[in-house]
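Trainee: Before I ask anything, here is the structure I am working with.
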Amino acid sequence: MNARASEFELRLATIADVAALTVLMTRSIRELSKGFYSEAQIESAAKYIGIPDPEIIEDHTYFAVERLGVVIACGGWSRRRKLFRGAAEQEDLVQEFLDPSTDSAKIRAMFVDPDYRRQGLGEMIYLASVDAARGAGYGSVELMATMPGVPFYRRMGFGQEEPLNIQLPDGTNLPGIQMYKFLGA
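Mapped onto the numbering used here, the consecutive letters of the sequence shown carry residue numbers 119 to 303.
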């Protein structure tokens with residue numbers, strides 16, 4: 119579906135959006151992960167990763183894009199240690215704030231409705247996230263990309279890649295790549 123950019127509204131997500139975000143995230147995982155992961159990996163990712171993190175919503179660092187009142191994309195950044203949702207070692211992290219002088223802000227949970235892919239929504243959210251992180255004093259960002267997102271993040275200038283397996287709570291291994299980017303002046 120092609121829509122005009124003026125039809126998209128970027129705003130901060132709220133706790134009231136959690137149900138809509140969950141539907142969006144799981145649909146995005148199920149559709150856009152085909153060809154990258156097995157059906158079992160996709161279903162496990164939908165179950166464990168496709169859940170909004172209320173902490174970044176409450177921190178006012180998570181965005182939603184709406185078209186005609188419907189949430190069609192989401193994502194954001196975090197000043198906390200957690201890099202992604204779904205793996206026990208991430209969920210158990212103490213969630214103190216990072217130090218912008220030594221730590222990288224985290225780009226978190228970017229999802230686009232499959233009907234609206236390749237219309238600039240991911241870039242809209244990413245740029246808003248980077249602007250906010252830079253405004254908070256961060257000089258670099260990092261993220262854990264699932265394989266469908268890797269080409270997008272490379273286009274956004276990410277490098278310093280480290281392949282990792284995300285072990286989900288049911289034992290499923292999901293290949294991903296931890297990526298870094300210096301923001302510059």
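Beta carbons are placed, not taken as given, at the ideal position from N, Cα and C, and that holds for glycine. Keep in mind the model is a prediction, meaning the values are calculated, not measured.
Would you please state the rounded distance, in angstroms, between the beta carbons of Leu261 and Ile225? I believe it to be under 8 angstroms.
Mentor: For the purposes of this step, residue 261 is taken as the residue at position 143 of the sequence shown. For the purposes of this step, residue 225 is taken as the residue at position 107 of the sequence shown. Yes, they are in contact, since the Cβ atoms of Leu261 and Ile225 sit about 4 angstroms apart, within 8 angstroms.
Trainee: Please report how far the alpha carbon of Ala131 lies from the alpha carbon of His178, in whole angstroms.
Mentor: Counting from 1 along the sequence shown, the entry for residue 131 is found at position 13. Counting from 1 along the sequence shown, the entry for residue 178 is found at position 60. When rounded, the distance between both Cα atoms is 7 angstroms.
Trainee: What whole-angstrom Cβ distance do Pro266 and Ser151 have, given they're in contact under 8 angstroms?
Mentor: Taking the first residue of the sequence shown as 1, we reach residue 266 at position 148. Taking the first residue of the sequence shown as 1, we reach residue 151 at position 33. With a Cβ gap of about 5 angstroms, Pro266 and Ser151 count as contacting.
Trainee: Along the chain, where does the beta strand (DSSP E) that runs through Lys224 open and close?
Mentor: Against the sequence shown, residue 224 aligns to sequence position 106. From DSSP, the beta strand (DSSP E) with Lys224 extends over 223 to 230.
Trainee: Under the DSSP definition of a beta bridge, which residues are partnered with Pro320?
Mentor: Outside the shown range of the chain, which is 119 to 303, sits residue 320, and nothing can be said about it.
Trainee: Only counting the same chain, and skipping five residues up and downstream in sequence, which positions put a Cβ closer than 6 angstroms to that of Phe126?
Mentor: The residue labelled residue 126 in the question sits at position 8 within the sequence shown. Val183, Arg185.
Trainee: Taking 8 angstroms as the threshold (beta carbon to beta carbon), is Asp177 in contact with chain D?
Mentor: Annotation note: the requested chain D is absent from the structure, which comprises a single protein chain.
Trainee: Between Leu301 and Thr264, is the Cβ-Cβ spacing less than 8 angstroms?
Mentor: Here residue 301 refers to the residue found at position 183 of the sequence shown. Here residue 264 refers to the residue found at position 146 of the sequence shown. Cβ atoms of Leu301 and Thr264: not closer than 8 angstroms.
Trainee: Inspect the beta-carbon positions of Arg145 and Ile160 and report whether they are closer than 8 angstroms.
Mentor: In the sequence shown, counting from the first residue as 1, residue 145 sits at position 27. In the sequence shown, counting from the first residue as 1, residue 160 sits at position 42. It is not a contact, given that the beta carbons lie outside the stated cut-off.
Trainee: Determine the extent of the alpha helix (DSSP H) in which Phe270 is found, giving its start and end residues.
Mentor: On the sequence shown, position 152 is the one that residue 270 refers to. That run of the alpha helix (DSSP H) goes 268 to 273.
Trainee: Can you name, in chain order, every residue of its own chain whose Cβ lies under 6 angstroms from the Cβ of Met143, other than the five neighbours on each side?
Mentor: Numbered from its first residue, the sequence shown carries residue 143 at position 25. Around Met143: Gly168, Phe229.
Trainee: So who's on the other strand from Arg185, going by DSSP bridges?
Mentor: As a position in the sequence shown, residue 185 is number 67, starting the count at 1. Note: Arg185 sits in a beta bridge opposite Phe126, Val188.
Trainee: Measuring straight from C-alpha to C-alpha, what distance separates Gln296 and Gln278?
Mentor: Mapped onto the sequence shown, residue 296 falls at position 178. Mapped onto the sequence shown, residue 278 falls at position 160. Computed Cα separation, rounded: 8 angstroms.
Trainee: To the nearest angstrom, report how far apart Ala134 and Phe181 are at their CA atoms.
Mentor: For the purposes of this step, residue 134 is identified with residue 16 of the sequence shown, where counting begins at 1. For the purposes of this step, residue 181 is identified with residue 63 of the sequence shown, where counting begins at 1. One C-alpha to the other measures close to 13 angstroms.
Trainee: Report the rounded CA-to-CA distance for Leu245 versus Gly255, giving the unit in angstroms.
Mentor: By one-based count along the sequence shown, residue 245 stands at place 127. By one-based count along the sequence shown, residue 255 stands at place 137. So the alpha carbons of these two residues sit roughly 15 angstroms apart.
Trainee: What residue range is occupied by the uninterrupted alpha helix (DSSP H) comprising Gln285?
Mentor: Position 167 of the sequence shown holds residue 285. Run containing Gln285: none in the alpha helix (DSSP H); it sits in the beta strand (DSSP E), 277 to 285.
Trainee: Distance check for Gly238 and Arg199, CA to CA, integer angstroms please.
Mentor: The sequence position of residue 199 within the sequence shown is 81, counting from 1. The sequence position of residue 238 within the sequence shown is 120, counting from 1. Computed Cα separation, rounded: 28 angstroms.
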